[in-house]
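Under our numbering, the very last position in the sequence shown is 308; numbers go up by exactly one each time.
Right, one structure below, let's go through it.
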Amino acid sequence: MQKGILIIATGHHNYGRMAYNLALTIKAKSNDLPIALIFQESAVKHLTPAHLEIFNTLIKTDKKWNELKLTAYDYTPFEQTLLVDADLLWMKDNVELVFDQLKKRSFACVNEGYYDIDADNDLSNPNYAFGGPTAQELAKAYKLKTGKLWKIRSEFILFKKDEKAGKIFAKAWEIYNDPKVNSETFAGVYPDEFAFDVALNICKTDCHIDRWQPTYWPNLYRFHIPELHKINKTYYAFSFGGNTATKAAKNIYDLIMQAATRKLGLKYTFKLQSKKEFLTERKVF
Numbered sequence: 024m025q026k027g028i029l030i031i032a033t034g035h036h037n038y039g040r041m042a043y044n045l046a047l048t049i050k051a052k053s054n055d056l057p058i059a060l061i062f063q064e065s066a067v068k069h070l071t072p073a074h075l076e077i078f079n080t081l082i083k084t085d086k087k088w089n090e091l092k093l094t095a096y097d098y099t100p101f102e103q104t105l106l107v108d109a110d111l112l113w114m115k116d117n118v119e120l121v122f123d124q125l126k127k128r129s130f131a132c133v134n135e136g137y138y139d140i141d142a143d144n145d146l147s148n149p150n151y152a153f154g155g156p157t158a159q160e161l162a163k164a165y166k167l168k169t170g171k172l173w174k175i176r177s178e179f180i181l182f183k184k185d186e187k188a189g190k191i192f193a194k195a196w197e198i199y200n201d202p203k204v205n206s207e208t209f210a211g212v213y214p215d216e217f218a219f220d221v222a223l224n225i226c227k228t229d230c231h232i233d234r235w236q237p238t239y240w241p242n243l244y245r246f247h248i249p250e251l252h253k254i255n256k257t258y259y260a261f262s263f264g265g266n267t268a269t270k271a272a273k274n275i276y277d278l279i280m281q282a283a284t285r286k287l288g289l290k291y292t293f294k295l296q297s298k299k300e301f302l303t304e305r306k307v308f
């Protein structure tokens with residue numbers, strides 16, 4: 024298959040439900056683009072066969088959730104893949120438009136800017152911090168001497184099934200499994216972003232234009248949510264990532280899902296929940 028969307032659902036069954044909801048919002052915009060689901064049995068146990076029919080391809084895995092983005096290149100059935108987190112909902116009317124981002128590159132993802140190693144100048148978004156190693160610490164630990172050290176977010180990654188993207192994923196996997204820095208853990212494991220950051224520099228690849236934001240994530244804007252039609256003009260998807268879903272976020276989630284299910288003639292069943300309500304490892308954040 025030439026182009027398609029890859030969604031990951033592992034662990035708690037609410038991730039399977041969110042993946043199903045995301046797929047509905049995509050299908051409501053375009054029924055032509057195939058969707059593949061990488062899943063653990065635990066994540067889809069509350070979905071019926073009728074629910075699972077929304078996905079064109081089902082890929083069962085035993086890998087841990089934190090390993091799947093790093094190995095998505097090996098899992099994808101597509102020549103051009105959009106890899107997305109389950110806690111997104113689609114916004115844009117023209118879904119396939121996103122693949123235009125791959126016309127001149129093999130890899131593209133959300134980013135918060137970069138650290139210019141040559142100038143020793145951090146040009147990344149100061150409002151985005153995860154508690155991991157600084158860019159200077161990463162550059163020193165991995166002996167990065169030149170170029171850009173990107174600060175990516177891995178909820179929205181586009182890549183081709185080609186040699187260049189394959190090298191990025193392979194290098195990120197290698198780095199993740201032999202970390203030379205200490206990082207705060209997220210839900211008990213290292214986040215995957217730092218491995219992609221370093222891999223992109225080593226592979227001499229820009230992840231996209233500076234601060235490319237295909238998703239609207241309210242957490243970056245003090246939880247401010249503009250009117251939906253304004254978000255739709257600029258962003259491909261709305262991100263509901265984070266431990267807490269505010270009342271405003273839940274209302275927006277309902278509006279998007281109600282529109283999608285109404286168009287598809289289906290019932291809106293699975294409401295958005297704060298992750299800290301159903302994940303014990305998130306309660307400390």
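Think of the CB as a built atom: it goes at the ideal place given N, C-alpha and C, for glycine as much as any other residue.
In this structure residue 276 touches residue 295 by the C-beta definition: roughly 4 angstroms separates them, less than 8 angstroms. Per DSSP, the beta bridge partners of residue 131 are 181. With a cut-off of 8 angstroms on Cβ pairs, the segment 259-278 is not in contact with the segment 53-61, counting fewer than three such pairs.
In the three-state reduction of the DSSP assignment, residue 65 falls in the helix class, which pools H, G and I. Taking residue 100 as reference, the option from 83, 35 and 285 with the minimal CA-CA separation is 83.
DSSP places residue 235 in the coil class of the three-state scheme, outside both helix and strand. The beta carbon of residue 42 sits closer than 7 angstroms to those of 30, 32, 60 and 109, all from its chain and outside the five residues before and after it, given in chain order. In the three-state scheme derived from DSSP, where H, G and I count as helix and E and B as strand, residue 136 is classed as strand. The Cβ-Cβ distance between residue 162 and residue 194 does not fall below 7 angstroms. Counting the other Cβ atoms within 10 Å of the Cβ of residue 68 gives fewer than 16, which makes it exposed. Taking the Cβ atoms as the reference, residue 47 lies roughly 10 angstroms from residue 292, outside the contact range of under 8 angstroms. Going by beta carbons, residue 36 and residue 73 fall outside the 7 angstroms limit. Judged by their CB atoms, residue 160 and residue 147 are not nearer to each other than the 7 angstroms cut-off. Taking C-alpha positions only, residue 93 is separated from residue 189 by approximately 11 angstroms. About 13 angstroms separates the beta carbon of residue 226 from that of residue 175, a gap too long to meet the 8 angstroms contact definition.
Considering only 219, 264, 157 and 215, the residue with the shortest C-alpha distance to residue 241 is 264. Between residue 259 and residue 115, the C-beta spacing is below 7 angstroms.
Each residue's CA atom was taken as its position, placing residue 183 and residue 170 some 23 angstroms apart. Counting only residues of its own chain and dropping the five nearest sequence neighbours on each side, residue 215 has a CB closer than 7 angstroms to the CB of 89, 92, 93, 177 and 199. Of the residues 104, 111, 139 and 81, the one whose Cα lies closest to the Cα of residue 124 is 104.
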